[in-house]
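Which chain is which? The protein sequence lines are A and B, in order. Mind the numbering: the first sequence is residues 1 to 466 in full-length UniProt numbering, read in order. Mind the numbering: the second sequence is residues 1 to 466 in full-length UniProt numbering, read in order. These notes are about the structure you will find just below.
There are 2 protein chains.
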Amino acid sequence: MSSSTSSETQQLLHNVHELREADLPEQVWLRTEELFLDWLASAMASCHTHPIPAFARLMQQMGPHNGRSQLLALPDVGGGNTSTSAYWAAWLNGAASHTLEQDDLHNSSVMHPATVIFPAALSAAQDAGLSGRAMLLSSIAGYEAGIRLAESLGRSHYRTFHTTSTVGTVAAGLAVAKLLNLDMAGLTSALGSSGTQASGLWEFLRTGAGESKQLHCAHAASTGLLSAYLARDGVRGADDIVQGPQGLMVGMAKDDTDAAKLAVPFGQPRWALLETSFKWHACCRHTHPSADALLDALTKVDRANIKRVTAKVHQAALDVLGPVDALEQGPQSIHAAKFSMKSTLALIACKGAAALSDFETYALKDPEVLAFRDKVHMELDKEVDNAYPARWLGRVDVELSDGTVVHGRCDEPKGDPGNTLSREELEEKFKRLVNVHAGRKDVDADRIIQWCWSLRDQKDSRVPLP
Amino acid sequence: MSSSTSSETQQLLHNVHELREADLPEQVWLRTEELFLDWLASAMASCHTHPIPAFARLMQQMGPHNGRSQLLALPDVGGGNTSTSAYWAAWLNGAASHTLEQDDLHNSSVMHPATVIFPAALSAAQDAGLSGRAMLLSSIAGYEAGIRLAESLGRSHYRTFHTTSTVGTVAAGLAVAKLLNLDMAGLTSALGSSGTQASGLWEFLRTGAGESKQLHCAHAASTGLLSAYLARDGVRGADDIVQGPQGLMVGMAKDDTDAAKLAVPFGQPRWALLETSFKWHACCRHTHPSADALLDALTKVDRANIKRVTAKVHQAALDVLGPVDALEQGPQSIHAAKFSMKSTLALIACKGAAALSDFETYALKDPEVLAFRDKVHMELDKEVDNAYPARWLGRVDVELSDGTVVHGRCDEPKGDPGNTLSREELEEKFKRLVNVHAGRKDVDADRIIQWCWSLRDQKDSRVPLP
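Next up, the structure:
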């Protein structure tokens, strides 16, 4: 590292460099194993879901047909390789784990950490023959660093850029750099090279073109990994890619950046990873608070009497969900429906849930659901917006046919740290996604689950796949 | 294409789609062959120059060890494959052709088109078994589209972003999409997927970390190619990635964007490709006008009497060259010296030229050159800045020991369209770079040169390498 790195960024890199296994409380190890299992479910379950077969075909054209890194989603596209080079495994596993909208989210950074960090760390660990413990430690470094960087970029960055993609590239790069045990100069270069390749715009949402969302994660995971490998081999990156005058903060954020957030220590007392939320509903996280608030309201009213549902939301929900809700014909794909507040709340109201199977069975064709969509509206709410992104509050006003209005609320959506999923719920989610949704009867779910629960002690980071 | 694509972007895509061989005047075919030969020289000559050996090692780890696309730079890093998949060939050839700072530049867009467009188009053409003519046509589409996009983003974009990297991703994507004969929907998706992966910040210059510049070109060429391949396979991108409210113009430029520039017809009368400049001096193009102006002044003064040289420049020269010139110890690598006005003008003054061999032999260690550097300064000049980027004017004030000031000027630097390189000069440049600089005695330069001069008639786009 050079002295021309700004001090907050230096501190961040120092914290990554100094992170040791012995520093990690039991709670962090346990939660990381849980996040990993939750991620694995998403990565393995999308094998038949567009665009993963198309991505897999490209990977087979461009990458080697064997290698040390496992492919977790294996659509039947010919070729039949189950492993490839670290780059392409990170690429495909990254795309796969962000396809079903069931992967984790960190609230205050508004970033999905698992889908970009685990694919990179796992592929690199397998490539280097490293242990489950090494993979977990480096992933924790990726979570802590990535979340801090995302927070420091402020809300203006997220308004135009898909933070999971932009910051995800850097988080993946630092996780792999940690795994490869790079020194401070190497970490600085991994940060520089990943930061200068960070990209990902929200524009794709406007036409429901969900495939960019998966492409972003593929890009972030693989490019981050590549940057760390290059840094190990002496390829130097910019010294101050985050804070420099022609760096990320200047180029891709406005005046709400906060560099101090970069320097917040790891685990003294804050472990950002512990604040990560699991997804229960199978849709964009911005819909979840309203979905849970509507579930609350539904305990008090008869659905048949509902005339109008107003979801009172933060600005980012309008930015991300607004474009899909504005489509004249409504969403035209299951993926797009997951970015529609109208579709999500219609499922909650009519079917009582917004799980994967609800989206696939009802979201695009159930007449009741389609009709209910028109009753749903979003409205910016000051209280909700002020609390965001530290807290994701759910507030809905449900207007009945007789004009009365019933309020629904949720202060901590299901899956949030204070309302988290138990290990049993995570195990059930894994089986539901992999065995039921993807129909992968060959996968021994119990074996994989048990492997995850002892991942810290696995000398080999290869997932026990069939 | 969807109606939700803004009309100027629609027009740009329409122009790419409609471009036909029959539309191209002889002059455009000839110049494209010249640009291609000039690019080939840069791509083949950097095989021993850092960071290309490191990049080649990574490519060998991550890509397949054979394939249909040629590797043009072949450092001896073991493995010894001479071809790989289209993705990795585009990646390595893109990096290689931007390593020696001898590749072409388009003035008004301030973009290096060859280094991002040709690697992608050539790799894809070889992958698909297409002809030299098809490769040239698609590259011309890439030049015309890329230059228009770069111009439309305005000067504010270039201030923070390396346009060759950002716009280059899109230009490469559209070139390959044209080569693959995609329809309007496919072109729109190639644009969407490449645009949302566009990246590249100038920050790396501040510490002379030149490797990011090559990484940017590798990323642009390979990612553009990948986006076009995915579009062919039905992976959809954003409909309005350039002009949409969460797209490139909003996210990565300020209020000086000009969408009308996107819609300027191809060749009626403007062929943007014909405005492209070849590089004579082996350094950043922003130094060339001053270098030629100093050569003019040197015809009137005795070098021994020079006390101070003031290069009167446009703002972008200060932005790009300023960080290197500000380094206390001066540039520490040959590559960094190429981004130093001080080093470049010192070579011109002391050695009469700033060719590749001058940088390598003298820039870092010749005492006379090192001493002269301190006499060189840059100053923003209104006339020069106002003319930029349409014209790159050279103006220097040379102050002599007795206090008199001699002016040097150049209105069209050597290599510019009005002062272009002849075919003989391009042939000599090719041999100088490949046979002499890179020491590739095995390469039959005359055979490759003749092949390029009849590239339009080559059924096979494979370069006749040993």
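Positions of the beta carbon are idealized from the N, C-alpha and C atoms, including for glycine. Keep in mind that this is a model prediction, so the values were computed, not measured.
| query | result |
| --- | --- |
| Roughly how many angstroms separate the alpha carbons of A/Lys431 and A/Leu465, rounded to a whole number? | 14 Å |
| Is the Cβ-Cβ distance between A/Leu100 and A/Ser46 less than 8 Å? | yes |
| B/Gln214: buried (16+ other C-beta within 10 angstroms of its C-beta) or exposed? | buried |
| Name the residue from B/Glu151, B/Ala231, B/Thr160 and B/Ala172 whose alpha carbon lies nearest to the alpha carbon of B/Gly186. | B/Ala231 |
| Counting only beta-carbon atoms, is A/Leu122 nearer than 8 Å to chain B? | no |
| Which residue wins for smallest C-alpha separation from B/Arg423, given the options B/Asp444, B/Arg440, B/Thr404 and B/Ile449? | B/Ile449 |
| Roughly how far, in whole angstroms, is the beta-carbon of B/Met44 from the beta-carbon of B/Ala86, given that I think they are within contact range, below 8 Å? | About 18 Å separates the two Cβ atoms, so there is no contact after all. |
| Measure how close the beta-carbons of B/Val436 and B/Val443 come, nearest whole angstrom, since I'm counting them as under 8 Å. | Going by Cβ atoms, the distance from B/Val436 to B/Val443 rounds to 11 Å, so no, they are not a contact pair. |
| Is residue 471 of chain A close to chain B? Criterion is C-beta to C-beta, closer than 8 Å. | There is no way to answer for residue 471 of chain A, as the model of chain A reaches only from 1 to 466. |
| B/Ala128 CB to nearest chain A CB: under 8 Å? | no |
| Using a Cβ-Cβ cut-off of less than 7 Å, give me the residues of the stretch 133-166 of chain A that come near chain B, in sequence order. | Thr160 and Phe161 |
| Taking the alpha-carbon of B/Leu226 as reference, which of B/Pro265, B/His106, B/Gly173 and B/Ala259 has the nearest alpha-carbon? | B/Gly173 |
| Measuring CB to CB, does B/Glu21 end up less than 8 Å from B/Arg133? | yes |
| Hey, A/Ala297 and A/Val398: beta-carbon distance below 8 Å or not? | yes |
| Which same chain residues end up closer than 7 Å to A/Ala363 when comparing Cβ atoms and leaving out the 5 residues on each side of it in sequence? | Ile334, Ala337, Ser343, Leu347 and Val369 |
| Within the continuous beta strand (DSSP E) that includes A/His407, where are the two ends? | Val405 to Cys410 |
| When you check each C-beta in the stretch 184-196 of chain B against every C-beta of chain A, which residues fall closer than 9 Å? | Ser189, Gly192, Ser193, Gly195 and Thr196 |
| Can you check which of these residues, A/Leu294, A/Leu24, A/Met252 and A/Gly168, is closest to A/Gly394 by C-alpha distance? | A/Leu294 |
| In its own chain, which residues sit with a C-beta less than 8 Å from the C-beta of A/Ala390, not counting the 5 before and 5 after it? | Asn107 and Ser108 |
| With a threshold of 8 Å between beta carbons, is B/Asp444 in contact with chain A? | no |
| By alpha-carbon positions, which one of B/Glu211, B/Leu318 and B/Asp258 ends up nearest to B/Gly154? | B/Asp258 |
| Check B/Ser138 in the structure and name its three-state DSSP category. | helix |
| Could you tell me which residues DSSP pairs with A/Lys396 in its beta bridges? | Looking at the sequence shown, residue 396 of chain A is not Lys but Val. A/Ala311 and A/Gly408, per the DSSP bridge assignment. |
| Taking DSSP as the reference, what is the three-state secondary structure of B/Ile117? | helix |
| What's the call for B/Leu380, buried or exposed, on a 16-neighbour Cβ count within 10 Å? | exposed |
| Note the first and the last residue of the continuous beta strand (DSSP E) segment covering A/His377. | Val376 to Leu380 |
| With distances taken between CB atoms, is the gap from B/Cys217 to B/Val116 smaller than 8 Å? | yes |
| In whole angstroms, give me the CA-to-CA distance for B/His314 and B/Pro289. | 10 Å |
| Between the stretch 164-172 of chain A and the stretch 55-66 of chain A, do three or more beta carbon pairs fall short of 8 Å? | no |
| Which same chain residues end up closer than 8 Å to B/Met1 when comparing Cβ atoms and leaving out the 5 residues on each side of it in sequence? | Legend: pLDDT at B/Met1 = 41, less than 50; position of this residue unreliable, no value from coordinates given. |
| Nearest-angstrom Cα distance between A/Pro331 and B/Asp460? | 45 Å |
| So, using beta-carbon positions, are B/Asp127 and B/Trp39 closer together than 8 Å? | no |
| What does the Cβ neighbour count give for B/Asn15, buried or exposed, with the cut at 16 atoms within 10 Å? | buried |
| Report yes if the C-beta distance between A/Gly67 and A/Thr84 is below 8 Å; otherwise report no. | yes |
| Cβ of A/His219 less than 8 Å from any chain B Cβ? | yes |
| For A/Ile306, write down the residues that DSSP places opposite it in a beta bridge. | A/Leu400 |
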